[in-house]
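A short write-up of the structure that comes next.
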Amino acid sequence: MTVILDILLDALIDSAKILPVIFLVYVLIEFLESRESTHEKMEKIFSGRFSPFFGAAVGMIPQCGFSVVATRLYQGGYILSGTLIAVYLSTSDEALPILFSRAVTEPKVFVQLGIILAIKLVYAVIAGFLVNLFVRNKAARPIEEHAIDKDDDGCCHHHITGERGTVKKLLLHPLLHSLKIIAYIFVINVIFGVLIEYVVGEEALVKLLSGATLLQPLFSTLIGLIPNCASSVLITEAFSEGYLTLGATLSGLAVNSGIGMAVLLKDRKNLKNAFVIIGLTAAFSLALGYAVTAIQLLIS
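The C-terminal position of the sequence shown is numbered 299 in numbering that gives the first Met the number 0, with every residue numbered one higher than the one before it.
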């Protein structure tokens, strides 16, 4: 019983430490999401010859609404498939807020965060340009004013229509979203704690995961395909605890695009095309994960 209480207490303390920072990050995100001008600027950014670069840069911002905007524009024929894939690959959903909040107390995490973001940005840009170059695309038409429906879901499926600029939008949603993410982190930490204490032990768990290094990118990619906040939280926490390699973390976070893919699959008339986009994104993510894993194995 004492061990269980220690596991719960450690998980609670670990989760509570990052709550204030993660809340402030989500307040900022909600503020950006609430501005009409943000959506209008994105519509312009996603068009043009260099759209994969700008799309990947915007996708770095921890807000799954951006991947939804890009998906809507793609479905309307306003952007090319490579631009959409660049956005998907650069999007990390909950990873950035979680790692940033941890970096406040663990400065070394800033280095890890910088490496992850830099690799994802460069890779997303390259992949986007390659897809636009080699994959057949219909010519993207000029983006009209309000080309996308603003009646979209916000992050983790909360509706944002009619709430722009309100106290509920700017404070309550970030608080609820922060508590939801903290709950995920708490549960994941408890599971890790129970595994270590009662199932395999920390040394055996590390040895087991080390032996499965070559399978980690595959498993991480499959988890990342789940269009839910919990998938990116699980990947990020596993990496933070040292159970997941950098390569596997990158493959999982690269394929994870928030609810963007779920919106893409809603278009029943173009399901074949949607699966091609998802397949290409997953393939690029796997390739990235295994490339980084191979480099790590060669260096070590």
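We put the beta carbon where it would ideally sit given N, CA and C, even for glycine. Computed from a predicted structure; not experimentally measured.
Status (buried if at least 16 other CB within 10 Å, exposed otherwise) for residue i
i, result
"residue 160", "For residue 160, the pLDDT reaches just 48, beneath the cut-off of 50, and the residue's location in the model is therefore unreliable, although a value from the coordinates is still provided. So residue 160 counts as exposed."
"residue 3", "exposed"
"residue 215", "buried"
"residue 273", "buried"
"residue 15", "exposed"
"residue 271", "exposed"
"residue 219", "buried"
"residue 232", "buried"
"residue 133", "exposed"
"residue 119", "buried"
"residue 248", "buried"
"residue 293", "exposed"
"residue 291", "buried"
"residue 281", "buried"
"residue 211", "exposed"
"residue 275", "exposed"
For residue i, the nearest candidate out of the options (CA to CA)
i, options, result
"residue 130", "187, 11, 189, 50", "50"
"residue 192", "242, 76, 299, 247", "242"
"residue 229", "258, 272, 194, 23", "258"
"residue 123", "294, 279, 272", "279"
"residue 246", "28, 29, 285", "285"
"residue 52", "211, 78, 128, 227", "128"
"residue 27", "48, 133, 86, 174", "174"
"residue 94", "110, 116, 105, 78", "116"
"residue 78", "179, 106, 105, 48", "48"
"residue 23", "198, 171, 126", "171"
"residue 283", "126, 105, 181", "126"
Chain-order list of residues whose beta-carbon lies under 8 Å from that of residue i (same chain, five-residue window excluded)
i, result
"residue 189", "6, 7, 10"
"residue 1", "none"
"residue 196", "2, 6"
"residue 295", "244, 245, 246"
Beta-carbon spacing of residue i, residue j below 9 Å
i, j, result
"residue 91", "residue 255", "yes"
"residue 260", "residue 213", "no"
"residue 239", "residue 98", "yes"
"residue 183", "residue 96", "no"
"residue 297", "residue 250", "no"
"residue 89", "residue 54", "yes"
"residue 177", "residue 60", "no"
"residue 30", "residue 169", "yes"
"residue 234", "residue 252", "yes"
"residue 86", "residue 57", "yes"
Neighbourhood of residue i by C-beta, 7 Å cutoff - its chain only, sequence neighbours within 5 removed
i, result
"residue 237", "243"
"residue 108", "98, 101, 102"
"residue 304", "Residue coverage of the chain in this structure runs from 0 to 299, which leaves residue 304 outside it and unanswerable."
"residue 222", "230, 233, 234, 251"
"residue 287", "122, 249, 250, 253"
Contact set for residue i: own chain, Cβ-Cβ below 6 Å, skip 5 residues either direction
i, result
"residue 73", "83"
"residue 70", "259, 262, 263"
"residue 226", "258, 260, 261"
"residue 110", "none"
"residue 266", "74"
"residue 289", "216"
"residue 149", "Any reading at residue 149 must be qualified, since the residue scores a pLDDT of 49, below 50, and its modelled position is unreliable; the value itself is stated next. Hits under 6 Å: none found."
"residue 181", "14, 18"
Query raised in the report: Along the chain, which unbroken stretches of the alpha helix (DSSP H) at least 4 residues long are found entirely within the stretch 192-268?
Result: With a minimum length of 4 residues, the continuous alpha helix (DSSP H) runs that stay inside the stretch 192-268 are 201-210, 215-223, 228-239, 245-254, 259-264.
Requested in this report: May I have a chain-ordered list of the alpha helix (DSSP H) segments no shorter than 4 residues that lie completely inside the stretch 43-106?
Outcome: Qualifying alpha helix (DSSP H) stretches, in chain order: 50-58, 64-74, 80-89, 94-102.
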